[in-house]
Structure formats: C-alpha cells, structure tokens
Amino acid sequence: MNVVQINNLKYPKLLKQINKPPQRFYYKGVWDSSLFDNCLAVVGSRQMTGYGRRVTDQLVSKVARAGITIVSGFMYGIDAQAHKAALLAGGRTIAVMPCGIDLIHPEYQEELYKQILANGGLIISEFEGDFLPARWTYPRRNRIVAGLSQATLVVEAGQRSGSLITAALTKKYGRKLFAVPGPITSAVSQGTLQLIREGAGIVTGANDILGSYGLYPQENGRDNIASLGLSRMEQIVLKKLAQEPCEIDELSRVIKVSAAELGTVLSLMHIRGIVSKEEGKYYVS
Amino acid sequence: MLVKVASALNLGLNTMEMEVEVNVASRGLPAFDIVGLPTKAVAESKERVRTAIINSNIQFPERRIMVNLAPGDVPKEGSFYDLPIAVGILATVMGFKLPEKSVFFGELSLDGTLRHVKGALLLALFAREKGIKNIFLPKASANEAAVVKGVNVYPVESLSQLLFFLCGQITFELAVYKVNQSEQSVSAAEFDMSEVLGQEQAKRAMEIAAAGNHNLFMVGSPGSGKTMLARAFPGILPLLNEKESLDVTKIYSASGRIPPRGSLMTTRPFRAPHHTISPAGLIGGGSRIKPGEVSLAHRGVLFLDEFNEFPRTALEALRQPLEDGCISICRSKEKITFPSQFTLIASANPCPCGYLYHPKKTCICTRREIEKYKKRISGPVLDRIDLYVEVPVVDIKVLSCDERIKKSLELSEKIRQRVVKARDLQQRRFDKEGIYTNAEMRNKHIKKYCRLSKEVNQVLINAGANFQLSARAYFKMIKIARTVADLENVQDIEVSHIAEALQYRPQDKDGG
Chain G
3 MNVVQINNLK
13 YPKLLKQINK
23 PPQRFYYKGV
33 WDSSLFDNCL
43 AVVGSRQMTG
53 YGRRVTDQLV
63 SKVARAGITI
73 VSGFMYGIDA
83 QAHKAALLAG
93 GRTIAVMPCG
103 IDLIHPEYQE
113 ELYKQILANG
123 GLIISEFEGD
133 FLPARWTYPR
143 RNRIVAGLSQ
153 ATLVVEAGQR
163 SGSLITAALT
173 KKYGRKLFAV
183 PGPITSAVSQ
193 GTLQLIREGA
203 GIVTGANDIL
213 GSYGLYPQEN
223 GRDNIASLGL
233 SRMEQIVLKK
243 LAQEPCEIDE
253 LSRVIKVSAA
263 ELGTVLSLMH
273 IRGIVSKEEG
283 KYYVS
Chain A
374 MLVKVASALN
384 LGLNTMEMEV
394 EVNVASRGLP
404 AFDIVGLPTK
414 AVAESKERVR
424 TAIINSNIQF
434 PERRIMVNLA
444 PGDVPKEGSF
454 YDLPIAVGIL
464 ATVMGFKLPE
474 KSVFFGELSL
484 DGTLRHVKGA
494 LLLALFAREK
504 GIKNIFLPKA
514 SANEAAVVKG
524 VNVYPVESLS
534 QLLFFLCGQI
544 TFELAVYKVN
554 QSEQSVSAAE
564 FDMSEVLGQE
574 QAKRAMEIAA
584 AGNHNLFMVG
594 SPGSGKTMLA
604 RAFPGILPLL
614 NEKESLDVTK
624 IYSASGRIPP
634 RGSLMTTRPF
644 RAPHHTISPA
654 GLIGGGSRIK
664 PGEVSLAHRG
674 VLFLDEFNEF
684 PRTALEALRQ
694 PLEDGCISIC
704 RSKEKITFPS
714 QFTLIASANP
724 CPCGYLYHPK
734 KTCICTRREI
744 EKYKKRISGP
754 VLDRIDLYVE
764 VPVVDIKVLS
774 CDERIKKSLE
784 LSEKIRQRVV
794 KARDLQQRRF
804 DKEGIYTNAE
814 MRNKHIKKYC
824 RLSKEVNQVL
834 INAGANFQLS
844 ARAYFKMIKI
854 ARTVADLENV
864 QDIEVSHIAE
874 ALQYRPQDKD
884 GG
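Residue numbers (the numbering used here), protein chains in the order written: chain G, 3 to 287; chain A, 374 to 885.
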C-alpha cells in the first residue's frame with residue numbers, strides 16, 4: 003500500500019508546516035517529489051457558471067503550462083474543471099479525496115480519475131480503504147489542499163461555499179490567497195468578492211499568480227483576429243461577442259440579421275473554433 | 374311477425390354491417406328482450422324505445438317482442454340501435470314497408486326526438502362503399518354524414534316524423550353538406566407567431582419543423598415561452614387537404630368528438646395531453662378500444678409539455694407511431710390500427726428545478742439530479758426527434774417597448790406561405806417514393822436526394838469532430854439541411870444550409 007508517514011522524508015514540507023498535519027496519508031500514482039515543489043490550489047463552487055469555467059480554463063492552462071502543479075478536491079464544478087484544464091495544458095495535477103483512497107468520489111468522474119494518474123499526477127487521501135465521505139471529511143480534505151500549496155486560487159464561491167473554508171485555512175497557514183472577481187449579480191461570486199474585500203489578491207490574469215511564484219510573466223497569446231480572414235458579417239458578430247457573450251436571439255436583434263442567417267455564420271465560426279457556446283450563449287474563444 | 378332493419382356497427386375506424394331483427398309474436402306474455410351481446414347502453418335501449426314510442430302518441434304493442442342484433446357474436450355497444458329497434462317494432466305493428474337499401478342509426482330521447490350520435494361519418498362512408506342508398510340519421514348528426522357524396526342522408530328529427538315519411542304521408546328534405554362558419558377559420562392556432570416576442574431562433578426552428586414535418590424538442594426554463602410557441606405552431610402548418618380532412622374527421626367521429634351539427638374538421642388538430650396521462654390514454658385503448666392522443670393528433674400536432682415527466686411506459690409507446698405513422702392496439706380478441714401521423718413538439722426544462730442557466734434565478738439541482746432527469750427519455754425516442762432548440766428566457770417588458778422589434782415580427786400566415794412552398798417541393802420530389810416529407814426520408818432517400826458536395830461534406834465532418842455528432846445526428850443534420858434548402862427553393866444542399874442545420878443539433882450537457 004502506498005502510504006506516507008509524517009516522519010518519512012517523502013512527506014511534503016509545506017504540509018508538515020500546518021497546524022495538525024495528517025499523521026499519514028495514502029496515495030495512488032507514481033510518486034515524484036518534484037510534484038510538490040510548486041503547487042497552486044484551485045477551488046470553487048460546484049455550481050460552476052459558464053464564466054467560472056472559462057476563467058478556470060484560461061488561468062489554469064497557463065499556470066499549469068508554467069510547471070506548477072494544480073491541487074484540487076476532485077469535486078464536480080470548478081474543482082474538476084481545474085483538473086481537466088491542467089491535464090489539457092499538459093500539466094500535472096493532484097486530487098485530494100474526501101473519502102477513502104480506494105473510492106472514486108464522485109464516481110462518474112472515473113475517466114478524469116484515470117487521466118490524472120495517467121499524466122503523472124497523484125490521488126491523495128488521509129482516509130484509508132473504502133471510507134465513505136461525510137460532512138466532516140470535506141473540511142479535513144480542504145486543509146490538505148491548502149496545506150500542500152504555496153497559494154490558493156478561489157474561482158467562484160457562493161456565500162456559504164466550502165471553498166471559503168479552504169480560503170480561511172490558506173490565510174491561517176500564512177499562504178497567499180487569490181480570488182477571481184465575478185459579476186456582482188451572480189450568486190456564486192458573492193464569496194469571492196467577499197474574499198477580495200477582505201484582502202485576497204485580485205486575479206485578472208494568469209500573470210498575477212505566476213508572479214507570486216517568481217515565474218516570468220508570459221505573453222498574452224490571443225490570435226490576431228485580422229489573420230483569420232473573416233467576412234464582414236463574422237467581424238461584426240465577433241465584435242459584438244467580444245463586448246458581451248450573447249444568445250443567438252439577442253444577437254439577431256442587435257445586429258438585425260435573421261436567426262437563420264446568424265445560425266449559419268455562428269455554426270461555421272464555432273467549427274473553426276473562433277467562438278464557443280456555453281449555456282446557450284456564444285463567447286469569443 | 375318478423376322485420377329486419379339494416380344498421381351498422383363501428384369498431385375502431387372500421388364499420389361492419391349489422392342487422393336488427395325484430396319479432397313481435399302474436400302469442401305469449403308481453404315482454405321485451407334484446408339478444409346479441411348487448412352491453413349496458415344497448416340493453417337499456419328497450420326502456421328508451423318503449424317510452425319514446427308511447428310519447429310519440431303511438432300505442433306500444435303489449436306483446437312478446439324479441440330483438441336480435443346480428444351477428445350475434447360481436448359485442449354491441451352504444452345507443453345507436455334505438456332507432457332501428459323502434460322502426461322495426463313500428464313496422465311490424467303498423468305494417469308499412471321499409472325502403473330498400475337503407476340503414477337506420479340513432480339514439481332516441483324519451484320524448485321521441487333523436488339525439489346526436491358518434492360515428493355518423495364512418496357510417497356514411499361505409500354506406501357508399503356497400504352501395505347503400507339511404508341513411509336515416511338524427512338531424513344533429515346529418516351534416517357530418519352529408520360530407521359523403523352519393524348517399525341520401527335523411528335528417529330525422531323525431532320518431533313520429535319518420536313514421537309519417539315511412540307511411541308515405543310526408544316527404545323529406547335530404548341533408549346537404551353545409552360548411553360550418555366557425556370551422557372555416559383559417560388557422561387553429563391560439564396565438565399568431567407575431568405575438569411571440571423574441572425567440573427568433575425557436576421560431577425559425579418551428580418554420581423548419583413545419584416545412585419538413587420534423588419533430589422538435591424545446592428546452593427552456595419555465596416562463597420562457599415554450600407553450601406559447603407550441604400553440605402558435607398549427608398556424609404555420611399547411612391547411613388540411615380534402616383527404617387529410619376526411620382522415621382526421623373519421624377519428625374524431627369514431628371517438629364522438631364531433632359536436633352536434635358539426636362536420637368536417639378543416640383545421641389541424643392540436644393535442645396537448647398532460648404528463649399524468651396513462652399509456653392507454655396516449656396511444657389508445659380501453660375496454661372498448663378508443664383512439665388515443667397520438668391518433669387524435671393525426672395530421673396535426675402532438676405537444677408534450679414537460680416531456681421528461683411523462684411516464685416512461687407512455688414515452689416508449691410513442692416509438693411505433695413516431696416510426697410508422699400508425700398505432701396497432703392488439704388484444705386477444707381483436708387488433709385495431711389507428712393512423713397517427715403527427716408532428717411531435719416536446720418541451721422540457723433544462724433541469725428538475727427548471728432554472729439551470731436562468732439569468733436571474735439560481736438552479737438548486739445537483740449534477741446527479743440533472744443527469745437523472747435527462748436520462749428519463751430513452752435514446753430510441755430521442756432518435757426520432759430531429760430538431761433541438763433552446764428557448765431562453767426573454768425580458769418581455771424590454772422587448773415590448775421596442776417599436777422596431779415589434780415591426781419586424783412576422784405573421785404566421787407569411788411563414789405558412791413559405792412552408793407550403795417547401796412542402797409542395799417535397800411532394801413533387803418524393804412523388805414515386807411513397808413518402809411526403811423530408812422527415813420521412815430513409816437512408817436510401819438521403820443518398821438519392823441529399824447529395825453533398827465535397828465542401829459541404831467537409832464542413833459536416835469537421836462539425837462531427839468538433840461537436841461529437843453521432844452517426845444518427847449526422848443523418849438528422851442532412852435531413853434538416855435538405856429542408857432548409859427547400860425553404861430557399863435550392864436544388865443542392867449548400868454549406869450555409871448544413872451550417873444552419875447544425876444549430877439544431879442535440880446539445881450535450883455542456884451546451885457545446
């Protein structure tokens with residue numbers, strides 16, 4: 003069985019520093035100490051919005067590409083999205099489970115579970131065997147997520163979100179806390195906005211995070227729109243969508259083009275990867 | 374003395390000959406019996422007949438009366454045999470001769486007048502087929518039967534009137550088909566498409582659905598306008614032609630849904646059963662087999678709101694009608710087939726609470742609940758639905774203030790004209806194929822009539838990779854593209870057509 007005792011040399015240094023660190027934890031995957039050199043915890047709401055997803059994808063892919071390990075809690079929503087984005091960017095990621103090491107929770111994310119292991123990541127839990135998750139195991143799990151990482155990024159969190167527990171622990175451990183600002187109208191932005199008010203670092207791009215790891219800021223690599231060879235109509239659509247994501251109906255009213263014609267344009271742009279669709283709205287990808 | 378009166382028996386949409394044999398014996402104690410597997414309504418007929426005859430100021434014979442409904446092994450139901458039984462009794466007592474090649478059909482009221490009955494149209498069609506010249510029917514049902522030409526329909530008001538006629542003392546004015554004014558309204562739709570604000574894409578999807586007879590699935594939060602759109606849908610469908618109209622009327626006639634003095638159904642039926650409906654209610658059945666909602670929606674629209682809430686058994690039962698355009702109800706004793714060619718419009722919420730992706734309200738469902746909710750509809754049923762469209766919540770207050778938007782709204786009638794043109798095109802194309810619309814195309818038809826150029830094919834292949842289209846979805850896209858091209862009156866499917874069709878692909882859980 004893969005187990006790391008607290009007196010073992012393998013035991014991550016950062017985790018040892020926290021108040022009441024786990025005496026031992028179990029893991030799956032291939033152990034590589036370098037995984038723990040630079041870790042960023044990415045946590046957030048289970049009720050992820052399209053905005054949350056896009057922000058997670060955007061930030062995590064750049065951070066993971068810079069060689070930072072993404073640590074999260076494997077729950078659906080922002081957590082799972084963070085793992086996925088890290089894998090997609092070719093990075094490594096650690097999932098900390100709220101249940102026994104032999105369980106996959108939630109079980110329908112088995113594919114993600116396998117992917118994490120297949121790409122040099124780790125699954126970690128302080129609970130053995132097939133111990134079932136309970137209300138109290140989630141905060142315990144959160145302290146490991148925060149404890150492993152130099153910094154924690156909260157993407158979206160409601161007013162009573164479990165992510166706020168992770169955020170509080172992060173501050174307690176004296177680590178850096180980042181929060182993504184969201185629309186003040188969104189319920190899952192209330193928690194993150196509160197964190198910002200209380201002094202969390204505001205994140206407007208991956209460079210804000212990379213800077214705190216002493217990594218050289220990367221260039222913002224957005225494709226040059228002019229090089230895509232867009233038609234006039236496509237340019238109009240793109241300009242409008244860059245201002246604000248839109249439903250097709252709304253777009254049709256604003257630029258006064260029939261839904262039929264607009265559907266044609268958007269489908270083709272979608273296939274080419276210029277725009278993407280989430281929750282019925284089109285975004286510039 | 375024995376008299377035989379011809380009548381008929383309706384079984385599903387079929388009618389069979391029936392004979393009412395009335396014997397008034399000259400000996401024996403007074404009695405009145407009916408044999409020939411009468412159900413309760415038929416057995417009670419003797420009380421109605423007796424009272425109606427007495428109330429028509431005719432003496433009821435105090436003799437032994439025996440009525441046999443032949444053939445004797447088929448159960449008889451309904452109250453239509455009052456008239457032939459009464460006529461039979463009176464003929465034996467009064468000794469008049471019955472006119473040849475005539476059928477009698479009708480229910481008596483206790484005062485001797487006749488009441489509206491169901492199945493009058495079926496009877497008239499049957500009479501024409503069998504060469505029966507005269508039909509005697511209650512006056513309220515005569516207009517329904519008069520649709521059929523070549524048969525004399527006698528609108529009988531009361532028993533005494535009929536008696537005077539049969540004795541040769543008065544003449545009858547035959548019923549002539551009169552178009553009912555209220556039925557002649559152009560559209561059956563409750564709403565006009567121009568009354569629906571916003572929802573440009575959903576309206577377009579409806580236009581395509583109407584043009585190609587595709588089934589449509591709408592997903593949207595409560596209050597987004599799904600129901601209103603569905604109710605506006607019949608207004609953009611082509612009007613019923615004569616044959617279709619007769620088909621629809623037959624079903625309504627058989628289930629007794631034609632009102633007194635009513636006649637041909639000229640508008641497309643719109644049926645919107647509630648989701649608590651039983652499978653028998655949806656597909657037909659009952660101890661006396663009656664057409665269900667799928668048949669009542671024949672040639673029209675079946676709108677299933679809250680599609681995911683329907684019992685699974687009911688939804689699975691939709692497979693045959695969606696595939697074959699008819700539904701067979703089999704029993705140990707009988708098998709009845711009802712036609713059921715309809716456009717299915719299904720609508721559902723995006724999640725159990727209904728507010729997933731809602732701009733203002735928060736969804737309280739867990740992902741597991743949402744997955745479970747979506748899985749309630751089986752793949753085979755979803756496979757038979759071509760078009761998917763999201764119906765977003767619209768801020769009506771904002772839209773209704775904007776005069777420009779109001780002016781740009783299209784009337785149903787205008788959309789209908791385009792639909793009719795596209796349908797004509799399809800009818801000509803499929804002339805020899807035995808199908809009518811694009812939705813009915815099988816793979817061989819798609820190969821023949823939907824040739825894709827290299828460029829179009831490439832778009833479709835790219836889309837397949839990007840959107841993870843299944844093989845089934847791939848064919849749906851081609852069918853929809855065919856309809857889009859037909860709406861534009863274009864011979865070959867072009868890139869723009871397939872691109873628009875892709876808007877209506879089944880959306881996976883991530884919305885992309």
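Cβ coordinates follow ideal geometry from the N, Cα and C atoms, glycine included. Please read these numbers as outputs of a predicted model, since none were measured by experiment.
Alpha-carbon spacing of residue 98 of chain G relative to residue 81 of chain G, whole angstroms: Your numbering for residue 98 of chain G matches position 96 in the first sequence. Your numbering for residue 81 of chain G matches position 79 in the first sequence. Roughly 10 Å between the two C-alpha positions.
When A/641, A/687, A/611, A/731 are compared against residue 766 of chain A, the one with the closest alpha-carbon: Translated into positions along the second sequence, residue 766 of chain A becomes position 393. Ranking the options by Cα distance to residue 766 of chain A, first place goes to A/731.
CB-CB length for residue 408 of chain A against residue 434 of chain A, believed under 8 Å: Your numbering for residue 408 of chain A matches position 35 in the second sequence. Your numbering for residue 434 of chain A matches position 61 in the second sequence. No, residue 408 of chain A and residue 434 of chain A are not in contact; Cβ-Cβ is about 18 Å, not under 8 Å.
Measure the CB-CB distance between residue 383 of chain A and residue 463 of chain A and report whether it falls below 8 Å. For this step, residue 383 of chain A is matched to residue 10 along the second sequence. For this step, residue 463 of chain A is matched to residue 90 along the second sequence. Cβ distance not < 8 Å, so residue 383 of chain A and residue 463 of chain A don't count as in contact.
Does the CB of residue 735 of chain A have a neighbour CB from chain G at under 8 Å? In the second sequence, residue 735 of chain A corresponds to position 362, counting from 1. Yes, residue 735 of chain A lies at the interface with chain G (some Cβ there is under 8 Å from its Cβ).
Taking C-beta pairs closer than 8 Å, name the residues in chain G that residue 572 of chain A reaches, listed in chain order. For the purposes of this step, residue 572 of chain A is taken as the residue at position 199 of the second sequence. Within 8 Å Cβ-Cβ: 251.
Are three or more beta carbon pairs between the region 591-601 of chain A and the region 761-777 of chain A nearer than 8 Å? yes
Where residue 774 of chain A falls: helix, strand or coil (DSSP): Position 401 of the second sequence, counted from the start, is the residue given in the question as residue 774 of chain A. Residue 774 of chain A: helix per DSSP, three-state reduction.
Could you pull the start and end residues of the alpha helix (DSSP H) that residue 751 of chain A belongs to? For the purposes of this step, residue 751 of chain A is identified with residue 378 of the second sequence, where counting begins at 1. Unbroken run through residue 751 of chain A: none, as it is neither H nor E.
Selection from A/376, A/439, A/416 that minimises the alpha carbon distance to residue 403 of chain A: Locating residue 403 of chain A in the second sequence gives position 30, counting from the first residue. The residue with the shortest Cα to Cα distance from residue 403 of chain A is A/439.
In the DSSP assignment, what residue or residues form a beta bridge with residue 124 of chain G? On the first sequence, residue 124 of chain G is found 122 positions in, with the first residue counted as 1. Note: residue 124 of chain G sits in a beta bridge opposite G/96.
Check distances from the C-beta atoms of the region 754-772 of chain A to those of chain G and list, in chain order, the residues that come in under 7 Å. 763, 765
Members of the region 54-72 of chain G near chain A, C-beta cut-off 9 Å: 55
For residue 126 of chain G and residue 118 of chain G, which I take to be in contact (beta-carbon distance under 8 Å), what is that distance rounded to the nearest angstrom? As a position in the first sequence, residue 126 of chain G is number 124, starting the count at 1. As a position in the first sequence, residue 118 of chain G is number 116, starting the count at 1. Not quite, the Cβ-Cβ distance comes to about 11 Å (not below 8 Å), so this is no contact.
Any C-beta of chain G under 8 Å from that of residue 786 of chain A: If you number the second sequence from 1, residue 786 of chain A lands on position 413. Not one chain G Cβ lies under 8 Å of residue 786 of chain A.
For residue 882 of chain A and chain G, any beta-carbon pair shorter than 8 Å? The residue you call residue 882 of chain A lines up with position 509 of the second sequence. Only weak support is given to the placement of residue 882 of chain A: the predicted model assigns it a pLDDT of 42, under 50, and the value that follows is read from those uncertain coordinates. Taking Cβ atoms only, chain G never reaches closer than 8 Å to residue 882 of chain A, which makes this a no.
C-alpha distance - residue 503 of chain A paired with residue 676 of chain A, whole-angstrom precision: Within the second sequence, residue 503 of chain A is the residue found at index 130, counting from 1. Within the second sequence, residue 676 of chain A is the residue found at index 303, counting from 1. For residue 503 of chain A and residue 676 of chain A, the distance between alpha carbons rounds to 38 Å.
Below-8 Å beta-carbon distance, residue 656 of chain A vs any chain G residue: Your numbering for residue 656 of chain A matches position 283 in the second sequence. With 8 Å as the cut-off, residue 656 of chain A does not count as an interface residue toward chain G.
Buried or exposed by the 16-neighbour rule on C-beta atoms within 10 Å, applied to residue 22 of chain G: On the first sequence, position 20 is the one that residue 22 of chain G refers to. Counting Cβ neighbours within 10 Å, residue 22 of chain G comes out exposed, since fewer than 16 surround it.
For residue 575 of chain A versus residue 602 of chain A, is the C-beta distance shorter than 8 Å? Taking the first residue of the second sequence as 1, we reach residue 575 of chain A at position 202. Taking the first residue of the second sequence as 1, we reach residue 602 of chain A at position 229. Their beta carbons are under 8 Å apart, which means residue 575 of chain A touches residue 602 of chain A by this criterion.
Chain-ordered chain A contacts of residue 78 of chain G [CB-CB under 8 Å]: The residue labelled residue 78 of chain G in the question sits at position 76 within the first sequence. Chain A residues near residue 78 of chain G: 740.
Between the region 449-462 of chain A and the region 265-275 of chain G, can you find at least three pairs of beta-carbon atoms closer than 8 Å? no
How many Å lie between residue 804 of chain A and residue 108 of chain G at the Cα? Indexing the second sequence from 1 puts residue 804 of chain A at position 431. Indexing the first sequence from 1 puts residue 108 of chain G at position 106. Rounded to the nearest angstrom, the two C-alpha atoms are 55 Å apart.
Looking at the C-beta of residue 557 of chain A, does it have a partner C-beta in chain G at a distance below 8 Å? The sequence position of residue 557 of chain A within the second sequence is 184, counting from 1. Low confidence applies here, because residue 557 of chain A scores a pLDDT of 48, under 50, leaving its location unreliable; read the following figure in that light. It does not: the Cβ of residue 557 of chain A has no partner Cβ on chain G nearer than 8 Å.
Cα separation between residue 604 of chain A and residue 95 of chain G? Looking up residue 604 of chain A in the second sequence gives position 231. Looking up residue 95 of chain G in the first sequence gives position 93. Computed Cα separation, rounded: 52 Å.
Which ranges would you report for the beta strand (DSSP E) in the region 127-201 of chain G if only whole runs of at least 3 residues count? 153-156, 178-181
Excluding the 5 residues flanking residue 210 of chain G on each side, which residues of the same chain have their C-beta closer than 8 Å to its C-beta? Along the first sequence, read from residue 1 onward, the residue named residue 210 of chain G stands at position 208. Hits under 8 Å: 180, 203, 204.
Inter-residue Cα distance where the pair is residue 523 of chain A and residue 492 of chain A: The sequence position of residue 523 of chain A within the second sequence is 150, counting from 1. The sequence position of residue 492 of chain A within the second sequence is 119, counting from 1. If you take the alpha carbons of residue 523 of chain A and residue 492 of chain A, they lie about 18 Å apart.
Can you check whether the CB of residue 130 of chain G is closer than 8 Å to the CB of residue 106 of chain G? Here residue 106 of chain G refers to the residue found at position 104 of the first sequence. Here residue 130 of chain G refers to the residue found at position 128 of the first sequence. Going by C-beta atoms, residue 106 of chain G is not nearer than 8 Å to residue 130 of chain G.
Would you call the CB atoms of residue 710 of chain A and residue 699 of chain A closer than 8 Å? Walking along the second sequence from the start, residue 710 of chain A turns up at place 337. Walking along the second sequence from the start, residue 699 of chain A turns up at place 326. Going by C-beta atoms, residue 710 of chain A is nearer than 8 Å to residue 699 of chain A.
Applying a beta-carbon distance threshold of less than 7 Å, which residues of chain G neighbour residue 789 of chain A? Here residue 789 of chain A refers to the residue found at position 416 when the second sequence is read from its first residue. The contacting residues do not exist; residue 789 of chain A stays about 16 Å from chain G at best.
Within 10 Å of its beta-carbon, does residue 375 of chain A have 16 or more other beta-carbons around it, so buried, or fewer, so exposed? Position 2 of the second sequence, counting from 1, holds the residue named residue 375 of chain A. Exposed, since its Cβ has fewer than 16 Cβ neighbours within 10 Å.
Report yes or no: is there a C-beta of chain G within less than 8 Å of the C-beta of residue 842 of chain A? Along the second sequence, one-based indexing puts residue 842 of chain A at 469. Taking Cβ atoms only, chain G never reaches closer than 8 Å to residue 842 of chain A, which makes this a no.
Closest by C-alpha distance to residue 270 of chain G, when choosing among A/828, A/769, A/786: Looking up residue 270 of chain G in the first sequence gives position 268. Out of A/828, A/769, A/786, A/828 has the C-alpha closest to the C-alpha of residue 270 of chain G.
Partners in chain A for residue 49 of chain G, counting only beta-carbon separations shorter than 8 Å: Position 47 of the first sequence holds residue 49 of chain G. Under the 8 Å cutoff, chain A gives 735, 736.
Leaving out five residues on either side along the sequence, give the residues of the same chain with a beta carbon under 7 Å from the beta carbon of residue 45 of chain G. For the purposes of this step, residue 45 of chain G is identified with residue 43 of the first sequence, where counting begins at 1. Excluding positions up to five away in sequence, the list reads 74, 75, 80, 81, 147, 154, 156, 165, 168.
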